[in-house]
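Residue numbers (the working numbering): 5 to 473.
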Ligand SMILES: Cc1ncc(COP(=O)(O)O)c(C=O)c1O
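Put into structure tokens, the structure is as follows:
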């Protein structure tokens, strides 16, 4: 067998072993970063090593530092696992090694991404003619959409950004909700847009922008000079801005509307949840991820722009060696060379079908509802958000005990979730994003919480047993 075949077989075995270990391994890693640095570090050896030996060592040594994200009890951040077809397709993407920017050269990869983009627009109820740029994640999607927005809005004001730059351009105001995701501010920073150019609109208790407050804010801005950033799925509460009320207000004012729907836009694919995104299709640009709710591996966001001319005008690549066709993927995103990250999306959608996607989104919501109900039954736990979608946010009476509970569950190893602050109080947040999570996972997690809550509320007994369950 060739070295390559032996290395691939070793990777296959190691990957299968890791995935098989997920139900029983502690969710949080057993090794610290320093442990892992010690394991992998040291001076670069002079001599190389056989590829199979490298892969086998890699898999064995990394194991204690792996977090069980693809398992059923990782509820941190907003992440999602990996569907079988998407994982296997991702392996093919690496084996094929296609540079997915060129529609003249990498025809299979570009066709697969184009079809995946069309299916996504259809599922999310967005205009079929919009451009879909496959980017690394929602962070870069927000950047792409807002870059396209700024150029287009300035063009309408008679300013050619690409020729004259931003320094002396007509002033624009970026209007955001108080509970926008931090990646929006970061995207604006990448664009050289400062904090003083952002206006923050008040939100309700769930983090939804208040329509009257938006109206009042826009009255203070010259018509046509605003970009309004709305949100589908607040990262803690899962709340959705009321698009059907807000977008007409922004339109009246000649504003560009961007919707950050990293995980929330997927509500459109479920008949029972579609009402949450009513009106969102009226925006100019949309951010979403496949590596969250669709459960494909990392490195897969989508930047969707209503008028493809707006994304192409901003991102069209140059270079006489590039074998240009019309509509190359590198014209709607910031990269030139990149992997064919849309192929796992095609595979995920093909394996689920429309019904499977709808069932997946419905199940994530049902899991969140079940988790919230179980948490409410634990003495001392208070669920603090409306569980309309996939997020559950809860706390104990004392902030200190809430934080201690967060630490205890990680140490216990049964489940992983992450903490945050909401309304000045510590909260724990539980994000239902994985296709794997089932009722047993929820029951195990609730049992662990029941056990740990009484311990953290008794001073001096914070911590866990160190065993997985
Ligand atoms: C609403 C929202 N926008 C943007 C992001 C950033 O996503 P990514 O990590 O894919 O860049 C997140 C992440 O959770 C999010 O929830």
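Positions of the beta carbon are idealized from the N, C-alpha and C atoms, including for glycine.
Cβ neighbours of residue i in the same chain (closer than 8 Å, five flanking residues each side left out)
i           : result
residue 469 : Model confidence at residue 469 stands at a pLDDT of 35, short of 50, so the residue's coordinates are unreliable; what they give is reported in the following sentence. Answer for residue 469: 416, listed in chain order.
residue 466 : Reliability of the predicted coordinates at residue 466 is poor, the pLDDT of 44 falling under 50, and the value obtained from them is presented with this limitation in mind. Once the five neighbours on either side are set aside, the close Cβ partners of residue 466 are 408, 411, 412, 459, 460.
residue 77  : 31, 418, 419, 420, 441, 445, 448, 449
residue 106 : 114, 326, 327, 329, 332, 333, 334
residue 423 : 406, 407, 410, 430, 431, 432, 433
residue 454 : 382
residue 355 : 87, 88, 89, 90
residue 336 : 135, 136, 137, 148, 307, 309, 312, 315, 316, 319
residue 56  : 7, 10, 11, 13, 14
residue 425 : 431
residue 132 : 122, 125, 126
residue 39  : 68, 69
8 Å contact criterion, which residue i and residue j should meet: CB distance rounded
i           : j           : result
residue 120 : residue 349 : 4 Å
residue 438 : residue 169 : Actually they do not touch by this definition, with Cβ atoms about 45 Å apart.
residue 314 : residue 156 : 4 Å
residue 174 : residue 229 : 7 Å
residue 305 : residue 268 : No, residue 305 and residue 268 are not in contact; Cβ-Cβ is about 14 Å, not under 8 Å.
residue 338 : residue 148 : 6 Å
residue 184 : residue 264 : 7 Å
residue 432 : residue 406 : 6 Å
residue 374 : residue 435 : With 8 Å as the limit, residue 374 and residue 435 do not qualify as a contact, their Cβ atoms being about 14 Å apart.
residue 127 : residue 134 : Not a contact, Cβ separation roughly 13 Å.
residue 307 : residue 247 : The pair is not a contact, with the Cβ atoms about 19 Å apart (cut-off 8 Å).
residue 277 : residue 365 : 6 Å
residue 222 : residue 253 : 7 Å
residue 75  : residue 27  : 7 Å
residue 116 : residue 347 : 5 Å
residue 59  : residue 18  : 7 Å
Cut-off 6 Å between Cβ atoms - residues of its own chain near residue i, not counting five sequence neighbours on either side
i           : result
residue 344 : 97, 102, 104, 113
residue 80  : 420, 421, 422
residue 324 : none
residue 298 : 352
residue 473 : Low local confidence applies: a pLDDT of 29 at residue 473 is under 50, so the model's placement there is unreliable, with the coordinate-based value given in what follows. Result list for residue 473: 418, in chain order.
residue 302 : 295
residue 129 : 272, 285
residue 493 : As displayed, the chain neither begins before 5 nor continues past 473, which places residue 493 out of reach and without an answer.
residue 270 : 297, 365
residue 211 : 183, 238, 241, 243
residue 165 : 155, 158
Beta-carbon proximity list for residue i, same chain, < 7 Å, skipping 5 on both sides
i           : result
residue 43  : 65
residue 384 : 400, 401, 457, 461
residue 249 : 215
residue 151 : 195, 318
residue 386 : 398, 399
residue 207 : 181, 182, 183, 213, 214
residue 177 : 201, 203, 225, 229, 230
residue 54  : 7
Residue i Cβ short of 7 Å to ligand 3 heavy atom set
i           : result
residue 257 : Summarising the ligand content, the structure contains ligand 1 and does not contain ligand 3.
Item to check | Check your reading: residues with Cβ closer than 5 Å to ligand 1 heavy atoms | outcome: Answer in sequence order: 82, 141, 142, 143, 185, 187, 239, 264, 266, 293.
Item to check | Those runs of the alpha helix (DSSP H) which lie wholly inside the region 247-332 and span at least 4 residues | outcome: If we require 4 residues or more, the alpha helix (DSSP H) runs fully inside the region 247-332 come out as 247-256, 312-319.
Checklist entry - For the region 362-447, which segments carrying the beta strand (DSSP E) assignment without a break, of at least 3 residues, lie completely within its bounds, in sequence order? => result 395-399, 422-426, 429-435
Next on the checklist: Which runs of the alpha helix (DSSP H) at least 4 residues long sit entirely within the region 162-219? Give them in chain order.
Outcome noted: Complete alpha helix (DSSP H) runs here, min 4: 165-168, 186-194.
Checklist entry - Going along the chain, which unbroken runs of the alpha helix (DSSP H) with 4 or more residues stay wholly within the region 82-123? => result 88-100
Item to check | Inside the region 39-74 only - alpha helix (DSSP H) runs reaching at least 4 residues | outcome: 55-66
Checklist entry - Which ranges does the alpha helix (DSSP H) cover as unbroken runs of at least 4 residues, wholly within the region 125-168, from first to last along the chain? => result 142-160, 165-168
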